[in-house]
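Read through the structure below, which is laid out as C-alpha cells, and then see the notes.
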Amino acid sequence: MQSQSVLVDLRNFLNGLSGSPSTSKNKTEVDSTEVVKTATNLLKNFPAAREAVLFYFCQVIDDSIKLHLTQSQAQNDNPAAKKRLADKEDAVALIHEALSSLIKWNPKGWAPIISTWSLRLLGQMSSYHASHLQLGRTDRGLNDTLQVWLACPATRMLIDLTTQSLEDLNQSETGACINALLETSVEHSPHFDWVVAHIGGCFPHTVVTRILACGLQDFILYGTESGNISPKLNSVVGILAHLSFSHATNIQKAVLDLFLTSCTDMTEQHTAVVPYLLQLSSLSQDLLDIIVEQGVKAINPDTIPSFTQQATIWTSKYFSGREALVNLMVQQVVRCRQGGLAIVNVLLQYGARLQATFPREVASEFLEMLLNEAAQLVQASGRVMPSDVPFLQSLQPHVSNLCQMLLTHDSWQQGSVLRLLTLMALLQGPAVSNHVITLLLQKKDPLKIVSLIRSYLKSVQGLHSQVVNTSVHEALTFQGRNLENTLLNVLQLVKLEQVEEIGAEVKCKFQSALNANLDFFPGLFFQDGQIPHLAVKLLNSIRLPDVIHPRLVAKLSYSSVPHFFTVLSMRGEGNKKEAQKILATLSSYPNGQALILRLLMQGVFSEEWKPLFGAETQPQKNPKASSSTSLLMQNRNFCSSVTLPQRHSSVFHAGIIGNGIRNRHLANIKAENSNDCNAEEVRSHTNLLLDTLSQCCSYNPGGMTQLSLLLVEIVSPDVMFNGLIWPDEEFTKVTVERDLHVRRFVQDNVIVWDLLNLLAQNRPALCYCSVLLRALLATLLSHWANCQERQAKDSRDSLEMTCKLIELMATGQLLPPPLSYLSEIICHVSPHEVHVLLKDVWAFMRDNVPTPALFGANERPSPGLWRDLSDFKMDPRYTERLRLIMLANIASVGHLYPRFLAPDQD
Amino acid sequence: MAIACSPQPDLHRILRRLDFPQSAKEALACLEQLCLPLAHTRPPTSKQLDYIGEIIDEFVFCEIDHKGARRKRLNPLQELQLLEVLLGYFAAGEDKVILNTVFMMLFTPPHTPSPSPSPSPSGFARADVFTPGTATVTLSDRMRILARLVSAAVASHNLAVLNCTGVWMQQLGCLSQHSLNLSRVFIEDYFVLNTPQSTISSPTSYLEQLPQLAPHFASCFLTAAAELYGGIDGNRSTYIPPPMCLLYTIVNWTMPYTTDFKSTTPTPKRKHSNDIGLLLWPDYLNGALKLLLIPAIPVKLEKAKETKSAWNENSYYSQLHSSLLESMQERSVLQSQQQLLQAEVISPRHLVALVRGLQESCAKNNSNNEKIQLSLDRLAQSVQVAQSSGCLYGNTHELMQALRTLPYNRLLDIVVRRYS
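For the record, the sequence lines run as chains X and R. The first sequence lines up with residues 1 to 906 when you count with full-length UniProt numbering. The second sequence lines up with residues 1 to 420 when you count with full-length UniProt numbering.
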C-alpha cells in the first residue's frame with residue numbers, strides 16, 4: 001500500500017534526523033544522502049511534510065556552505081573533512097535534482113514555493129556568512145562576492161533553482177518570486193545584493209517589470225502613510241538603481257508601459273502609478289532621470305484626460321493638496337539630468353496660447369514654477385556649479401533647439417524660453433549666451449530677432465560683457481543664407497543703437513563689436529547674393545575706428561573696389577551710393593586713397609569693366625582663323641619677306657589687315673544688339689565714377705595730382721618724354737607711334753575725356769597730363785596737315801576732338817584767351833587754317849611750360865587753385881596768324897573778332 | 001475517572017519528565033481519559049475545560065511552558081513529529097465519539113477568525129489566496145497544524161481524522177473562514193502542487209474514492225471549494241480559474257455516470273440526500289452554479305495552452321453542468337418523501353445575487369460575446385430545471401426581474417417569459 005510506504009518514509013525521515021533535531025549535536029554523522037532521498041519521497045507523496053523537508057534541506061545546505069567556506073579558507077588537505085564535504089555536496093546535488101524536477105514538472109505550483117524558499121535561504125546565508133567572507137579582504141566588490149558565492153555548489157544550486165523558476169513561469173506568474181526577492185532584499189541588504197544583481201542580469205525584463213509592480217502593490221497598501229517610506233520600496237529603488245547601469249532600456253520600457261497602462265482606467269491599481277513613480281524618483285537620481293524622461297513621453301492628447309481625472313485622486317489621497325503635488329514635481333524635474341528638452345517641449349506645447357484653457361493653465365503654471373525654482377537655485381548665495389542645477393545643465397546641448405523655439409509667435413512661449421536661456425547663461429557662463437546670440441543672429445525675420453536679442457542682452461549683459469563681440473565674431477564665420485540673416489539682423493541692431501545713442505538700456509554695442517571684427521568684411525564682399533551689399537551697408541552705417549591697420553585698409557580696398565564696379569553693372573541706385581560711400585570712407589585713411597584711386601583707374605580701363613563707361617570693346621578675334629594659323633607658315637612668311645628700314649611696317653605697327661576700322665565697326669554694330677550699356681547708362685556710370693573719384697580725392701589736396709599721374713601712367717605706353725615740357729614741334733616725328741597709341745586709347749575709352757575734364761576742373765592737376773594733351777595735339781596736327789577736305793567741318797571726328805582738346809586746355813587754364821576760344825572758329829575755317837592755328841597753340845605751349853607753379857591760391861570761393869591770367873599779355877607772335885585767318889574768314893567769324901582780338905591789341 | 005473528576009497536578013509532573021514527541025503521545029492518551037465522561041453524558045464544566053486546555057497547550061502543541069508563558073513555536077520538523085503522533089493516535093482510536101470529542105478539544109478554533117492581520121476585509125486578498133505556498137501563511141499555529149493533519153491524513157489514508165474533520169467543518173460551517181482556510185491548504189497540497197498522488201492519469205487514486213470513504217469531509221470540502229473559486233460577489237476583482245485537476249475531481253465526484261458503483265453503492269449525492277448532506281447541498285449547488293457560470297465569461301484561456309486542454313476544460317464544465325442539472329432533477333423524484341427537509345433547496349435570493357454579479361462581469365467583458373451567450377445558456381437551463389423540479393423555492397419575482405437585465409439570450413428569454 002502506498003499509504004504504508006508513506007508512513008514508513010515518514011518514520012525513516014524522522015529517525016534519520018537522529019532524534020529531536022533541536023537537541024542533536026551530531027547530525028552530521030548520519031548518512032545525509034539517505035535521509036535526503038527519503039525526504040524527496042516525502043516531498044512528492046506527503047504534502048504535509050513539505051515545510052519540514054524544506055527546513056531540513058536548509059540545514060543540509062547550511063552545513064555544506066559552512067564546510068565549503070572553511071575548506072576554501074583553510075586550504076588544508078584533511079581527508080576526513082574532504083569526505084564530509086563530498087558527502088554534503090552529493091546530498092546537495094540530490095536536493096537540486098529533486099527540486100528542479102518538481103519545478104519542471106509543475107512550474108505553476110512549485111516554482112513560487114521553491115524560489116521563495118531558496119531566496120530566503122540565500123538571504124540568510126549571505127548575511128550570516130558576510131563577515132566570514134570579509135575576513136580575507138577588506139572590501140570586496142559586488143563582482144568579487146558574486147564569484148565567491150557562485151564557486152560554492154550549494155549557493156549556486158539555490159541560484160539555479162531561482163532562475164529556473166523564473167524561466168519556467170509565465171511573465172505574469174512571477175509575482176511571488178519577485179516578491180520574495182524584494183522581501184529578502186529588504187531584510188538582508190546589502191549582503192543580498194549579489195543575488196539581485198545576478199538574477200536581475202539574467203531576466204532584466206521580468207525582474208524590472210515585476211519589481212515595479214510589486215513596489216506598486218506595496219505603495220498602494222502603505223504608500224498613503226506620509227513621511228516614512230516602507231523598506232520594501234527602498235529595496236525596489238535599490239535594485240532598480242543597481243540594474244539601471246546595465247539594463248536602463250528595460251527599465252525605461254517598463255516605466256513607459258506602466259505610465260501608459262495607468263491611464264486606461266480609474267482603478268486604484270492605476271491611479272496609484274503616478275504617485276508611486278514620483279515617490280520612486282524622489283528616492284534615486286538614476287530612477288528620476290528614467291521616470292521623468294518616460295513620463296514626458298507618456299503625455300499626449302490621448303492620455304491627458306485620464307491623467308487629469310486621476311489627478312484629483314492623487315491630490316486627495318497621496319499628497320496634501322494640489323500645491324504639494326506640483327511642488328514635488330517641480331523639485332523632481334529640477335533635479336533630473338536627462339530629458340530636459342522634452343519637458344520644456346511638452347510644457348511649451350501645451351502652454352501655448354492656442355491650446356484649450358485646461359492644459360494651458362496647468363502647463364504654464366508648471367513652467368513658471370519650474371523657472372522660479374531654477375532661478376532660485378541659480379541665484380542662491382555662494383558659488384553655484386552647473387551641476388547643482390542638473391535640469392539646466394541637461395539643456396545645454398539643446399541650446400539651438402531652444403533658440404528655434406524662440407521664434408514662435410506666442411509671446412508666452414517666447415518669454416519663457418528667454419527666461420530659461422537667461423538662467424542657463426547665468427549658470428553656465430558666457431559660452432551659452434554666446435551660443436544663443438550667435439544662433440539668434442542667424443535667424444531670419446530681423447524685427448523679431450532684434451527685439452529678442454535686445455531683451456536677452458538686457459538680462460545677461462551684466463555678467464557677460466564680451467558676449468556681443470564673441471557672438472558677432474562667431475556669426476560672421478558662417479557662410480551662406482545664415483550669414484545674410486546675420487548681416488540683416490546686425491544692421492537693424494546697429495540702426496537701433498544709433499537711434500537711442502544716449503541712455504540706452506543695452507550696454508553691449510554691436511557697433512564696437514563690428515569694429516572689432518572688421519577682419520571678416522573683406523571676405524564678405526565676394527560672397528553671393530545680398531551679402532556684399534549688406535556688408536557695405538553695415539560698414540557705412542557704423543562709425544569706423546579712427547585708426548585701422550594699413551593691411552586691413554588694403555584688404556578692404558581690394559575688395560570694395562571690385563564691388564563698386566559690380567554694383568555699377570547692376571540696377572538700383574541705393575547700392576551704388578553705398579558702394580561709393582565706402583570707397584570715400586576708406587580714402588580718408590592714410591594710404592587708402594592712393595590705393596583706391598589706383599584700383600579705380602585700373603578698373604575703369606580693365607577689359608572687364610570698361611564697357612560700363614562706353615569704351616569700345618576690342619573686337620573678338622576670329623578664333624577659327626587664329627587657330628588655323630600655322631606657326632610654321634607664319635615664320636616662313638616672315639623669312640620670305642624682307643623687312644626694310646624706314647618702311648611703314650617697320651615704323652609703327654598699325655594693326656592687322658582685316659582687323660581694321662571697318663571690321664571693328666561691324667563688330668560694334670553686332671555688339672550693340674547685346675550691349676547692355678546705352679548712352680544714358682554710360683552717362684550715369686561716368687558721373688558716378690567722377691563723383692566717386694572727386695570724393696576720394698577730397699580728403700587730400702594731392703589727390704587729383706595723383707589721379708592725373710595715374711592716368712598718364714595708364715594711357716601712356718611708356719615712361720619716356722612724359723614730362724611737362726612741350727618740345728619743339730619737329731620732335732613729334734620721334735614720338736609719333738606713341739602719340740598714335742594715345743590717340744587710339746582715347747578714342748576707345750571715351751571716359752578719358754571725362755577724366756581729363758575732371759582734372760582740368762581741379763587745377764592744376766591737368767598739368768601733369770600734358771604728355772597726353774601733347775600726343776593728341778600732335779596727331780591732330782598731322783591730321784589737319786594732310787587733310788584734303790575743303791572745310792574743316794567736313795572732317796567731323798577730328799574737328800570734334802580738336803574742339804574738345806582746346807576746350808579742355810582752356811578749362812585747365814593752360815591756354816589763355818584768345819587761344820582758349822579757338823574752338824569757336826575752327827569749324828568755320830579750312831583744314832589748313834586749323835593746322836596753322838594749332839601750330840600756334842603748340843608754339844605757345846612750348847614757350848609757356850604748363851607747370852603747377854603757375855597756379856596760386858584761389859581768391860574766389862571755389863575749390864582748387866587758380867592761375868591768374870588777368871594781367872597776362874598774349875604775345876602777338878601767337879595771334880598774328882589767327883588775326884589773318886579771321887580776317888580772311890571775316891564773313892563767317894566776324895562777329896567773334898572783337899572778342900578774340902580786342903581793339904587795343906591792334 | 002478520578003483523573004477526570006479531580007485534576008491532578010501529578011499529571012503535569014509526569015508528563016514534564018518526558019521529551020517532546022513522547023510527551024505529546026502520552027498527553028493524548030490522558031486526554032482521551034479526560035474526555036471520556038464528557039463525550040457521553042454531561043456537558044463539561046469550565047474548570048474541566050480549562051484543565052484540558054492547559055494540557056493541550058503545554059504538552060500537545062507546546063505553546064506554553066510550565067509557567068504558562070508562551071514558548072517558541074515548534075519548528076517544522078517538530079511539527080512533523082507532532083503530526084505523526086496525531087496520525088498514530090487517531091488511527092488507533094476506536095470509539096468515534098471519543099475521537100470526535102478529542103478532536104474538537106484539540107482544534108477548538110480561536111475566537112478571532114483570522115489571527116494574523118490581513119489586508120482585505122473579507123479575510124484575504126484574493127490575489128494572494130491562490131499563490132502557491134501562501135495558504136498557511138496567515139493561519140494561526142493550531143489551524144496550520146490542523147490543515148497539515150488533514151493533508152497528512154489524506155496521504156496516509158487516515159479515515160478517522162477525515163471523518164472528525166468533516167464533523168468539525170460542519171460544526172463551524174462549511175462557509176466559515178476556518179473551513180475555507182482549511183480547504184485552501186487542501187487544494188494547495190493536492191490540486192495546485194498536484195503531487196503525483198492526485199494526477200489525473202491515475203484513476204484509482206485515493207482522492208477519487210474520497211466521497212465514498214469520507215463522504216462527510218468530501219461534501220464539506222466541495223462546498224467550501226465552490227465558494228472559494230466561484231466568487232462572483234463583485235468585490236473580488238479578478239477571476240481566478242480553479243485548477244484543472246480540482247475541476248476534474250469535482251466532476252468525477254458528482255457525475256453519476258462515470259462511477260460504475262452507482263448501482264451498488266450510493267453515489268455521493270444520494271449520500272448527501274440521505275443523511276448528512278442536506279444541510280450542505282443548497283450551498284454546494286449555489287457554489288457549483290457560480291463555478292459553472294463564471295469561467296465562461298472572462299475565459300482566460302491563455303494562448304500558450306493548447307486547444308486540447310482548452311477543450312478539456314470546456315468539457316469539464318459541461319459535465320459539471322450536466323451533473324448539476326441531473327442532481328436537481330433527482331430532487332423532484334425525492335420530493336414526495338422528504339418535503340420538509342428540502343424546503344429551501346436553492347434560494348432565489350442567492351440566484352439574484354449571482355445574476356447581479358454576472359451582469360457586472362458581462363459589462364466588463366463585452367468583447368467576449370460567445371462566452372457570454374454560453375454562460376447565459378447555462379444559466380437559463382439551470383433556472384428552468386430548478387423551477388420545474390421545485391428546487392427553487394420562494395418568491396421568484398425578483399429573480400425574473402434580475403434575469404431581464406442580462407444581455408439578450410434566446411433561451412433565457414423563453415425561460416423568463418414562461419415563469420414570470
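Note that CB positions come from ideal geometry on N, CA and C, so glycine has one too.
In the three-state reduction of the DSSP assignment, X:Ile-826 falls in the helix class. Around the Cβ of X:Thr-686, a 10 Å sphere holds 16 or more other Cβ atoms; the residue is buried. Between the C-alpha atoms of X:His-464 and X:Arg-598 there is a straight-line separation of about 44 Å. Nearest to X:Asp-718 by C-alpha distance, out of X:Asn-700, X:Leu-740, X:Gly-702, is X:Leu-740.
Taking a beta-carbon distance threshold of 8 Å, X:Leu-17 counts as an interface residue toward chain R. Contact check for R:Cys-30 against R:Ile-55 passes: the beta carbons are separated by less than 8 Å.
Ranking X:Leu-221, X:Ser-235, X:Leu-756 by CA distance to the CA of X:Ala-197 puts X:Ser-235 first.
Scanning its chain for C-beta atoms nearer than 7 Å, with the 5 sequence neighbours on each side dropped, one finds around R:Ala-152 the residues Leu-83, Leu-87, in chain order. Relative to R:Lys-67, the option among R:Glu-58, R:Asn-75, R:Leu-74 whose CA is nearest is R:Glu-58.
For X:Arg-883, the enclosing alpha helix (DSSP H) starts and ends at 876-888. Within 7 Å of the CB of R:Ser-183, no CB atom of chain X is found; the nearest one sits about 14 Å away. In the DSSP assignment, X:Asn-78 falls outside any alpha helix (DSSP H) and carries neither an H nor an E. Take X:Val-834, set aside five residues on each side of it, and the residues of its chain with a beta-carbon closer than 6 Å to its own are Trp-784, Ala-792, Ile-826, in chain order. Residue nearest to X:Leu-819 within the set X:Leu-491, X:Glu-573, X:Phe-900, X:Glu-500 is X:Phe-900 (criterion: CA-CA distance). Close partners of R:Pro-76 in chain X (Cβ separation under 7 Å): Glu-51, Ala-52, Phe-55.
With a cutoff of 8 Å on beta-carbon distance, X:Gly-351 and X:Arg-360 are scored as near each other.
For a Cβ distance threshold of 8 Å, residue set Ala-155, Ser-156 of chain R lies close to X:Val-6, ordered along the chain. Annotated as proximal: R:Ala-24 and R:Val-85, with beta-carbon spacing under 8 Å.
Inclusion of X:Gln-310 and X:Met-266 in the CB contact set at 8 Å is warranted, their separation being smaller than that value.
One thing to note: X:Leu-166 has its Cβ within 8 Å of the Cβ of X:Thr-174. Rounded to whole angstroms, the Cβ separation of X:Val-750 and X:Val-712 is 18 Å, and the two are not in contact under 8 Å. DSSP places X:Cys-787 in no alpha helix (DSSP H); its state is neither H nor E. X:Phe-46 belongs to the set of residues whose beta carbon lies under 8 Å from a beta carbon in chain R.
In the same chain as X:Ala-615, and ignoring 5 residues on each side of it, the C-beta atoms closer than 8 Å to its own belong to Phe-605, Asp-748, Asn-749, Val-750, Ile-751, in chain order. DSSP places X:Phe-520 in the helix class (H, G or I) of the three-state scheme. Within chain R, the residues whose beta carbon sits less than 9 Å from that of X:Leu-14 are Pro-21, Leu-77, Leu-80, Gln-81, Glu-84, listed in sequence order. With respect to the C-alpha of X:Gln-294, the residue from X:Asp-257, X:Asp-302, X:Gln-285, X:Val-326 having the closest C-alpha is X:Asp-257. Within chain R, the residues placing a beta-carbon under 7 Å from that of X:Leu-10 are Glu-84, ordered along the chain.
Linking X:Gln-331 to X:Glu-373 through their CA atoms gives a straight-line distance of about 8 Å. Taking a C-beta distance under 8 Å as the contact criterion, X:Val-60 and X:Ile-103 do not qualify as a contact pair. For X:Cys-177, the enclosing alpha helix (DSSP H) has its first and last residue at 175-188.
At least one C-beta of chain X is nearer than 8 Å to the C-beta of R:Arg-148. Excluding sequence positions up to five before and after X:Leu-755, its CB lies within less than 7 Å of the CB of Leu-711, all in the same chain and listed in chain order.
For R:Ser-140, the closest Cβ of chain X is not nearer than 8 Å. For secondary structure counted as the alpha helix (DSSP H) over 4 or more consecutive residues, the segment 334-412 of chain X holds these complete runs in sequence order: 340-351, 357-378, 390-395, 399-406.
At a beta-carbon threshold of 9 Å, the residues of chain X lying near R:Asp-189 are Pro-47, Ala-48, Arg-50, ordered along the chain.
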